[in-house]
Amino acid sequence: MEAVPLNGRESVRFELRRHADIASGTYFEKGDVLLSKITPSFENGKQGLAHNIPTSFGIASTEIIPLQAATADANHRFLFFYLLHPEVRAALVGKMEGSTGRQRVPEGAVCEFLIPMPPGPEQDKIAALLWKIQRTLEVEGKLVSTTRELKQSTMRQLLTHGLRNEPQKETDIGLIPKSWGIQPLEQLREFLQYGTSVKCGYTKKGSPVIRIPNVMDGKVSCDDLKWCELSEKEIESLALEGGDILFIRTNGVRDRVGTCAVYCGQPERALFASYLIRARLKTDQLDPSFFQYFTATAAGFAQLGGQASPAADGKFNVNTKTIDIDRKISVHERKRAALSDLFQTMLHQLMSAHIRVDKLDIDTSEVAALNSETA
Numbered sequence: 000m001e002a003v004p005l006n007g008r009e010s011v012r013f014e015l016r017r018h019a020d021i022a023s024g025t026y027f028e029k030g031d032v033l034l035s036k037i038t039p040s041f042e043n044g045k046q047g048l049a050h051n052i053p054t055s056f057g058i059a060s061t062e063i064i065p066l067q068a069a070t071a072d073a074n075h076r077f078l079f080f081y082l083l084h085p086e087v088r089a090a091l092v093g094k095m096e097g098s099t100g101r102q103r104v105p106e107g108a109v110c111e112f113l114i115p116m117p118p119g120p121e122q123d124k125i126a127a128l129l130w131k132i133q134r135t136l137e138v139e140g141k142l143v144s145t146t147r148e149l150k151q152s153t154m155r156q157l158l159t160h161g162l163r164n165e166p167q168k169e170t171d172i173g174l175i176p177k178s179w180g181i182q183p184l185e186q187l188r189e190f191l192q193y194g195t196s197v198k199c200g201y202t203k204k205g206s207p208v209i210r211i212p213n214v215m216d217g218k219v220s221c222d223d224l225k226w227c228e229l230s231e232k233e234i235e236s237l238a239l240e241g242g243d244i245l246f247i248r249t250n251g252v253r254d255r256v257g258t259c260a261v262y263c264g265q266p267e268r269a270l271f272a273s274y275l276i277r278a279r280l281k282t283d284q285l286d287p288s289f290f291q292y293f294t295a296t297a298a299g300f301a302q303l304g305g306q307a308s309p310a311a312d313g314k315f316n317v318n319t320k321t322i323d324i325d326r327k328i329s330v331h332e333r334k335r336a337a338l339s340d341l342f343q344t345m346l347h348q349l350m351s352a353h354i355r356v357d358k359l360d361i362d363t364s365e366v367a368a369l370n371s372e373t374a
């Protein structure tokens, strides 16, 4: 099941085994739609398209239902995308059988499910349009990953060699440029403070509250905000200022504990929740963004428990190359989010016939070539 993709990605992963090593499984053929039937995989949209296997058939988990377009005018990619539609999934979830936690969609319920059948050429265009959006979405995802790797590599280089590639020296936190020093964070901050434990809600009353989900990739996200109402005295005490550092002090995911973000003024007049710690730095000695970048490195993350941070004579400044990389990551993340929203919108509009593409000139040659490879 772990080899079956999520979120509309098509290609399944596979491994080659000898026949004698396969004790059980579900037979499928190249090009089949592989639909997971067990909870929560089904609800999460786990399904794949077996177009990339090197053989004419394969064996899948017994928790897979293989499906194929059985008529000449039916496009198996259209079937693949149709089964991703949230309303289709919801309807089939209602037919699940079995005990709680091990419920499954019966194969018969899937086979009896009624599917709208546009003319073959229109199916091809719908499938091609959604496929193109997904391919672009995957490209943006790869660009985000690649740019993140570039950022990590750049930060390692900058924080061990400096801007002038100068000689290094060994310190308690590893190799750093010879001209740099280190100081404990307690000497470089004004104060530390816990946030509010008042219950928050999505009703926009009072002040926005930054919580753990809003601390992402060194930045404060304005998505999924909650709000709370406090007295003016409490607001004055907990109001964030630009440059404040927000640490995650507790989390079920170990690698998230100790990560931090810089508050840059958005959302306005924000407070912060009790599972976060606010640090206000002496910004004439330590730049908040430099500090956040350092904490994201292996050396910085390891030092958070000891509350140590590198410092230098005068104020640290973030290298413009690193800022440019961060901007590229943000651009690609925004593009990926927009494409994901576009895919969901188009999936609904096309599969419900709110938008028709039969009269549009859509190039289907790439998808047709992929289809011929699986024939």
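Take the sequence shown: its letter number 43 is residue 42 in the working numbering, and every next letter is one higher.
Where a beta carbon is used, it is the ideal one built from N, C-alpha and C, also for glycine.
When only Cα atoms are considered, Glu-96 and Phe-27 end up about 23 Å apart. If only complete runs of 3 or more residues are kept, the segment 260-307 shows the beta strand (DSSP E) at 275-280, in order along the chain. For Phe-13, there is no enclosing beta strand (DSSP E), since its DSSP letter is neither H nor E. In this structure the segment 180-190 does not lie against the segment 199-209, because fewer than three pairs of beta carbons, one per stretch, are closer than 8 Å. For Ala-69, there is no enclosing alpha helix (DSSP H), as DSSP gives it neither H nor E. Taking the C-beta atoms as reference points, Tyr-262 is found nearer than 7 Å to Val-219. Taking the C-beta atoms as reference points, Ile-244 is found nearer than 7 Å to Ala-278. Taking each of Ala-22, Leu-128, Ile-114 in turn and checking the Cα distance to Pro-120, the smallest one comes out for Leu-128. Rounded to whole angstroms, the gap between the alpha carbons of Pro-266 and Pro-118 is 49 Å.
The DSSP-derived three-state label of Trp-226 is strand.
Around the beta carbon of Met-0, fewer than 16 other beta carbons lie within 10 angstroms, which makes this residue exposed. Straight through space, the alpha carbons of Lys-141 and Ala-298 are spaced by roughly 26 Å. A Cβ-Cβ separation of about 5 Å places Thr-25 in contact with Ile-63 under the 8 Å criterion. As summarised for the segment 117-169, the continuous alpha helix (DSSP H) elements at least 4 residues long and confined to that stretch are 119-160, given in chain order.
Of the candidates Glu-165, Asn-164, Gly-180, Gly-180 places its Cα closest to the Cα of Asp-171. According to the DSSP assignment, Gly-107 belongs to the alpha helix (DSSP H) that extends over 106-110. Annotated three-state conformation of Glu-231 is helix, per DSSP. Linking Leu-34 to His-347 through their CA atoms gives a straight-line distance of about 19 Å. Contact between Gly-44 and Asn-6 holds, with the beta-carbon distance rounding to 7 Å and staying under 8 Å. Partner residues in the beta bridge of Leu-191, as assigned by DSSP, are Ala-278. In the DSSP secondary-structure assignment, Gly-173 is bridged to Thr-170. Going by DSSP, Val-87 is part of the alpha helix (DSSP H) stretching over 85-92. For Ala-59, the secondary structure class from DSSP, reduced to helix, strand or coil, is strand. Boundaries cannot be given for Thr-38, as no beta strand (DSSP E) includes it and DSSP labels it neither H nor E. Annotated as distal: Lys-168 and Cys-199, with beta-carbon spacing of 7 Å or more. When DSSP reads this structure, Met-215 sits in a beta bridge with Lys-218. The closest CA to that of Ser-364, considering only Leu-48, Ala-19, Ile-125, is found on Ile-125. Burial check for Phe-190: the Cβ neighbour count within 10 Å stays below 16, so the residue is exposed. In this structure, Gly-242 lies away from Pro-176, with their beta-carbon atoms at least 7 Å apart.
The C-beta separation of Arg-16 from Val-143 comes to about 34 Å, leaving the pair out of contact by the 8 Å criterion. Within the DSSP secondary-structure output, Thr-25 pairs in a beta bridge with Ala-59.
One thing to note: Val-109 has its Cβ no nearer than 7 Å to the Cβ of Gly-47. Its Cα nearest to that of Leu-157, the residue Tyr-292 stands out among Arg-333, Tyr-292, His-353, Ser-10. Setting aside the 5 residues that flank it on each side, Asp-357 is surrounded in the same chain by Glu-121, each with a C-beta closer than 6 Å to its C-beta; the list follows chain order.
Around the beta carbon of Asn-213, 16 or more other beta carbons lie within 10 angstroms, which makes this residue buried.
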